[in-house]
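A short write-up of the structure that comes next.
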Amino acid sequence: MTYDELIELYRQEIPPAPLQTKLDALLSTPFVSNAAHESGVRPLKPTSKRLGRFLRVAHWNIERGIEFDAIRAAFTDPAKLAALIDKTKYPRGSKEHARILQQIGILKDADVIVLNEVDWGVRRTKYRHVAEELAAALKMNYAYGVEFVEVDPVQLGIEKFDGTDERVRAELMENIEVDGERYRGLHGTAILSRFRLDNVRLVPFKFQGHDWYADEKQGATPIELGKRTASEKIFLEKVTREIRRGGRTMLLADISDSELPEGRATIIATHLESRTKPENRARQLVEMLDLVEGIGHPVILAGDMNTSTTDQTPTSIRREIKKRLGSEKFWATQGIKYATGVGLLFDVVKGGIEFTRKHADPTVKSIRFIAENPEAKFFDVLKDFRFRDGRAFDFRGERARSSNGLSDTLANSNERAGKGFATTFAVNRTIGPTGNFKLDWIFIKPAALTDPSDRRQPYRFAPHFGRTLEDLNNSIPDRISDHHPIVVDLPFGEPRIR
1 MTYDELIELY RQEIPPAPLQ TKLDALLSTP FVSNAAHESG VRPLKPTSKR
51 LGRFLRVAHW NIERGIEFDA IRAAFTDPAK LAALIDKTKY PRGSKEHARI
101 LQQIGILKDA DVIVLNEVDW GVRRTKYRHV AEELAAALKM NYAYGVEFVE
151 VDPVQLGIEK FDGTDERVRA ELMENIEVDG ERYRGLHGTA ILSRFRLDNV
201 RLVPFKFQGH DWYADEKQGA TPIELGKRTA SEKIFLEKVT REIRRGGRTM
251 LLADISDSEL PEGRATIIAT HLESRTKPEN RARQLVEMLD LVEGIGHPVI
301 LAGDMNTSTT DQTPTSIRRE IKKRLGSEKF WATQGIKYAT GVGLLFDVVK
351 GGIEFTRKHA DPTVKSIRFI AENPEAKFFD VLKDFRFRDG RAFDFRGERA
401 RSSNGLSDTL ANSNERAGKG FATTFAVNRT IGPTGNFKLD WIFIKPAALT
451 DPSDRRQPYR FAPHFGRTLE DLNNSIPDRI SDHHPIVVDL PFGEPRIR
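Its first residue numbered 1, the sequence shown is counted upward by one per residue in this note's numbering.
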């Protein structure tokens with residue numbers, strides 16, 4: 001879309017019919033490139049003694065791609081990432097430093113990568129087509145699905161920071177000047193693969209749970225706004241809202257190979273709603289399962305499921321500024337000081353957050369009135385689901401097939417910790433403990449599993465050694481992303497593990 005059309009999408013609640021048609025097409029048509037396959041690139045298919053040849057799958061919510069150089073280095077070049085490592089936190093020769101390099105090696109062997117929060121043509125990520133540039137660097141094919149068109153006036157560069165003094169306002173506006181020729185405002189989900197991507201489709205959820213245009217626009221201009229005199233409140237309102245067109249979606253693609261069971265597997269990449277109740281995420285899950293229940297071969301489902309057990313993921317104002325406006329020093333350090341005076345961290349931007357409740361295991365059963373878990377329904381639905389061929393998603397967890405010798409529900413596919421799971425999202429608070437959440441997941445429908453918990457059934461293409469690469473993500477100052485990458489291995493044949 002042109003820059004003028006994007007401004008129109010912000011200003012007009014009901015866009016003109018031609019513009020609405022164009023928007024609808026953009027939100028339901030995937031962008032696909034199999035250039036890597038056509039140039040002769042083929043899957044790595046790494047081998048181990050216990051698994052034989054296997055497919056490694058990775059998932060990462062890369063937080064728009066604001067730390068693009070570090071993300072690219074994490075997938076492709078240990079030496080380049082090593083140069084970015086925080087030497088005070090991870091000194092050379094330390095076990096921690098060695099573990100980071102090991103985790104880079106693990107990530108490099110992934111033949112299929114699912115990415116959430118991927119920008120295209122947004123100032124905060126220097127107008128990059130993040131998916132295309134990463135795919136080129138990794139020599140992989142890619143599919144990209146637009147989830148949202150960013151039309152917030154701060155992103156568009158047309159917002160005025162009223163309520164701040166003239167000097168601050170001028171400096172703020174200078175730092176959000178937008179190149180209208182390069183601005184695309186696209187944000188979405190991507191699948192990168194060394195396998196050719198076929199039958200690619202982009203399917204928006206019919207049920208959304210949050211209106212990122214109407215709800216966010218209303219929140220940005222409440223009746224009471226005129227009564228607010230504190231500049232920090234006005235500033236926070238404008239940098240933490242996200243006025244967007246679009247909604248949550250499903251990006252699907254098939255890969256084919258003679259070593260795959262039935263010769264094919266389907267990848268489902270999704271990002272469920274954060275600003276809604278857990279029961280609404282379960283409703284989105286049901287909609288997705290209804291769409292794919294007829295698939296008669298293995299399925300790889302990966303994404304940020306936002307299983308926070310709350311209706312609002314917590315964050316910090318510093319992180320929010322980086323997400324909305326980029327990673328430049330001004331926004332990361334000085335801008336918030338000038339405009340607010342509340343410091344670098346502002347706990348709990350929106351919504352009420354429980355400081356004492358543990359969020360490391362959203363799969364635990366809900367005990368009414370005593371220990372309720374509103375996210376439990378999501379996992380009950382997934383575990384009870386059967387495809388038309390009678391097969392199920394793998395919920396098994398065994399010491400010999402987990403990455404750290406722990407066993408329990410889903411331990412084979414998603415790394416567990418001493419209590420619950422290894423969390424994938426963390427935010428530091430100035431008050432209370434660090435908030436840790438298990439938001440990101442990989443779920444697998446293997447070759448021949450009809451009972452999700454039956455350890456006697458076959459393990460061909462079943463998940464093994466699920467890992468959370470926390471050290472890798474935390475390796476640079478202020479982290480690569482606010483989410484940790486996760487990986488899992490899927491053996492092409494029956495593995496030799498007892």
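Every residue gets a Cβ at the ideal spot worked out from N, C-alpha and C, and that includes glycine. All figures in this text were calculated on a predicted structure; none of them were measured in a lab.
Per DSSP, the bridge partner or partners of residue i
i: residue 300; result: 267 and 444
i: residue 490; result: 55
i: residue 140; result: Bridge partners of residue 140: none, in fact.
i: residue 187; result: 119 and 148
i: residue 41; result: Note: residue 41 sits in no beta bridge, so no partner.
i: residue 47; result: 53
i: residue 113; result: 58 and 192
i: residue 32; result: 143
i: residue 449; result: For residue 449, which the question treats as bridged, DSSP gives no partner whatsoever.
i: residue 467; result: 487
i: residue 256; result: 264
i: residue 64; result: 118
i: residue 250; result: 203 and 270
i: residue 367; result: 371
i: residue 501; result: The structure shown does not extend to residue 501, since the chain is modelled only from 1 to 498, so the question has no answer here.
i: residue 389; result: Per DSSP, none; premise fails for residue 389.
Which listed residue (the options) has its alpha carbon closest to that of residue i
i: residue 418; options: 426, 124 and 408; result: 408
i: residue 19; options: 412, 54, 149 and 476; result: 149
i: residue 209; options: 285, 48 and 120; result: 285
i: residue 216; options: 254, 191 and 243; result: 243
i: residue 9; options: 455, 155, 440 and 177; result: 155
i: residue 85; options: 479, 442, 290 and 118; result: 479
i: residue 398; options: 376, 466 and 447; result: 466
i: residue 489; options: 46, 22 and 25; result: 46
i: residue 500; options: 497, 491, 487 and 492; result: The question about residue 500 has no answer, for the chain in this structure spans 1 to 498.
i: residue 87; options: 410, 492, 483 and 476; result: 476
i: residue 458; options: 402, 33, 492 and 59; result: 492
i: residue 360; options: 380, 415 and 402; result: 415
i: residue 7; options: 39, 70, 157 and 72; result: 157
i: residue 192; options: 68, 58, 182 and 67; result: 58
i: residue 186; options: 218, 122 and 80; result: 122
i: residue 197; options: 21, 41 and 73; result: 41
i: residue 153; options: 410, 11, 390 and 497; result: 11
CB contact flag (residue i, residue j, <8 Å)
i: residue 35; j: residue 141; result: yes
i: residue 495; j: residue 56; result: no
i: residue 76; j: residue 108; result: yes
i: residue 388; j: residue 453; result: no
i: residue 281; j: residue 378; result: yes
i: residue 195; j: residue 257; result: yes
i: residue 276; j: residue 295; result: no
i: residue 400; j: residue 449; result: no
i: residue 423; j: residue 436; result: yes
i: residue 462; j: residue 446; result: yes
i: residue 481; j: residue 60; result: yes
i: residue 131; j: residue 118; result: yes
i: residue 203; j: residue 101; result: no
Straight-line Cα distance separating residue j from residue i
i: residue 334; j: residue 271; result: Confidence at residue 334 is low in this model, with a pLDDT of 49, below 50, so its placement is unreliable and the value that follows should be read with caution. Distance between the alpha carbons of residue 334 and residue 271: 32 Å.
i: residue 246; j: residue 27; result: 7 Å
i: residue 17; j: residue 128; result: 29 Å
i: residue 13; j: residue 251; result: 27 Å
i: residue 2; j: residue 106; result: 41 Å
i: residue 114; j: residue 133; result: 15 Å
i: residue 138; j: residue 404; result: 28 Å
i: residue 4; j: residue 151; result: 11 Å
i: residue 421; j: residue 263; result: 32 Å
i: residue 464; j: residue 15; result: 48 Å
i: residue 213; j: residue 442; result: 30 Å
i: residue 111; j: residue 260; result: 13 Å
i: residue 303; j: residue 438; result: 12 Å
i: residue 82; j: residue 65; result: 19 Å
i: residue 364; j: residue 289; result: 21 Å
i: residue 48; j: residue 455; result: 21 Å
i: residue 189; j: residue 451; result: 31 Å
i: residue 330; j: residue 368; result: For residue 330, the pLDDT reaches just 48, beneath the cut-off of 50, and the residue's location in the model is therefore unreliable, although a value from the coordinates is still provided. Rounded to whole angstroms, residue 330 to residue 368 spans 48 Å at the Cα level.
i: residue 293; j: residue 394; result: 15 Å
i: residue 184; j: residue 22; result: 14 Å
i: residue 124; j: residue 444; result: 34 Å
i: residue 90; j: residue 79; result: 15 Å
i: residue 497; j: residue 300; result: 22 Å
Residue-chain proximity (residue i, chain B), Cβ-Cβ < 8 Å
i: residue 15; result: Checking the listed chains, one finds no chain B in this structure; it contains a single protein chain.
Below 8 Å, how does it come out for the stretch 466 to 479 and the stretch 78 to 96: are there three or more Cβ pairs, yes or no? They touch, by the three-pair rule.
Counting beta carbon pairs with one atom in the stretch 301 to 311 and one in the stretch 261 to 280, are three or more of them shorter than 8 Å? yes
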